[in-house]
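Everything on this sheet refers to the single structure shown next.
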Amino acid sequence: MKKIAFVLGNISLGAGTERAVTNLANAFSRDENNQVFIVSINSEDKDKPYYPLEKGIKVIHMNAGRGSKVQRLLGYYGIVGQLNKIMADNDIDYVLGTTHAFNILLSFLKGKVRKIGCEHMSYNACPKASQIIRKNRYKHLDAVVLLTQMDREHYDFLPSDKTFVIPNIRSFQPDKPAVLDNKRIITVGRLDSQKGYDIMVELAPDLKERIPDWKIDIYGSGAMKQQLEDRIKELGIQNYVFINEPVKEIREEFEKSSMYLMTSRFEGLPMVLLEAQACGLPIVSFNCPEGPADVINDGEDGYLIDDFNKKEIVDKTVRIALDEQLRKKMGANAFKRSDRFSEESILKKWYSCFEKC
5 MKKIAFVLGN ISLGAGTERA VTNLANAFSR DENNQVFIVS INSEDKDKPY
55 YPLEKGIKVI HMNAGRGSKV QRLLGYYGIV GQLNKIMADN DIDYVLGTTH
105 AFNILLSFLK GKVRKIGCEH MSYNACPKAS QIIRKNRYKH LDAVVLLTQM
155 DREHYDFLPS DKTFVIPNIR SFQPDKPAVL DNKRIITVGR LDSQKGYDIM
205 VELAPDLKER IPDWKIDIYG SGAMKQQLED RIKELGIQNY VFINEPVKEI
255 REEFEKSSMY LMTSRFEGLP MVLLEAQACG LPIVSFNCPE GPADVINDGE
305 DGYLIDDFNK KEIVDKTVRI ALDEQLRKKM GANAFKRSDR FSEESILKKW
355 YSCFEKC
């Protein structure tokens, strides 16, 4: 039996990394040959996982890394001994980090456990100081898993046989694609600078002028919420752009939509794009580093917009909205192509990684 542990920031949060880790942990757990553990660094025993976990998964709450930035830093590097004990006590075979900070922590672990660093963001999203530390410490990992081939190219400081490209597992697979008759554009994510919702709001007046019978639904929370709401009012588009609270059952919202729009400045391999594609939604996205190009086949199941071209992203969004035949063709293509992110396909890649590291 393989004993597999994940080291995660906080299992009670509902962001993309937590979603991706939950999906993979559940997939491993459904294989009777595995026993799965999640070590949640910042959560307490009273905290509950945001996303449902298989019953057999054991969650270990560490309640570390809280307080000021300095206290968190000291907290993180003070728990290496605790992690070593957890690995030894549970006889863990493979431990998977989930951010560059936790991957660096894993590089200090001792014992037989195989240490695998997993990156969920693009290489350049990591602060410069952390990049320097990462180059030094990742050499002490047994393997590093990246979400995209493009991101892998940044890791030429590691032997090629230590780096693997393994995408995320899609969260669900409906039996049939969305109908795409509802004049609704959906987008999901944190309301922060990375996700570029400030850009989307600025594009909305042009979209409203050209496709006034459509609407944009944003699902998310974050530091920029008030700023975005204020700008929406200033532009007079309160009846066109709506900011909604996050929902756990986002699949239902995808299935009630007809297009996905992404204006992120940078990404890893966005879970929301995998989920939108699984539901058969055409996607229009900036071709930001690193993930959208690994999901979208430009012109076939959506559009990739280079150089953050605002006019082009509006034009392509309008084109899909007005051309029902094109929209449904792209949706059907998206639905078919999502199979490459199936649980079966991704687990094969992981087991191959385990054998080689």
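Counting along the sequence shown from 1, when you hit position 127 you're at 131 in the working numbering, and nothing is skipped either side.
Yeah, the Cβ is synthetic: ideal placement off N, Cα and C, and Gly gets one too.
Remember, it's a predicted structure, so these values are computed and weren't measured experimentally.
Beta-carbon contacts of residue i that lie in its chain and below 8 Å, excluding the five residues immediately before and after
i, result
"R138", "H104, N107, I108, C130"
"S225", "R194, L195, E249, P250"
Where the beta strand (DSSP E) through residue i begins and ends
i, result
"D221", "219–223"
"R138", "Element bounds for R138: not the beta strand (DSSP E) but the alpha helix (DSSP H), 132–141."
"K212", "That residue, K212, is in no beta strand (DSSP E); its alpha helix (DSSP H) goes 201–214."
"L100", "98–101"
"V148", "147–150"
Buried versus exposed call for residue i [16 or more other C-beta atoms within 10 Å across all chains shown]
i, result
"K212", "buried"
"P286", "buried"
"V183", "exposed"
"W34", "In the sequence on display, residue 34 carries Arg and not Trp. So R34 ends up on the exposed side."
"S47", "buried"
"K227", "Note on identity: in this sequence residue 227 is Ala, with Lys being the wrong assignment. Label assigned to A227: exposed."
Residue(s) in a DSSP beta bridge with residue i
i, result
"K6", "N38"
"D302", "G306"
Limits of the alpha helix (DSSP H) - the one that residue i falls within
i, result
"S349", "347–360"
"H65", "Careful: H65 lies outside any alpha helix (DSSP H), inside the beta strand (DSSP E) at 62–65."
"L326", "314–326"
"G20", "20–33"
"I108", "104–110"
Cut-off 6 Å between Cβ atoms - residues of its own chain near residue i, not counting five sequence neighbours on either side
i, result
"S125", "According to the sequence as given, residue 125 is Met; it is not Ser. Excluding positions up to five away in sequence, the list reads G272."
"A325", "I215, W218"
"E259", "A182, C283"
"E347", "A31, I173"
"I96", "K7, A9, V117"
"G60", "S33"
Same chain, Cβ closer than 7 Å to residue i, five either side skipped, listed in chain order
i, result
"S356", "none"
"L232", "L195, Y201, D202, V205, I247"
"C292", "S268, R269, F270, E271"
"E294", "S126, T152, M154, D155, E271, G272"
"K320", "V288, Y307, I309"
In the region 225–289, which residue ranges form an unbroken alpha helix (DSSP H) of at least 4 residues, counting only runs that do not cross its ends? 229–238, 254–259, 275–282
Could you name each continuous beta strand (DSSP E) segment of 3 residues or more that falls completely within the region 152–202, going from the start of the chain to the end? 167–169, 188–192
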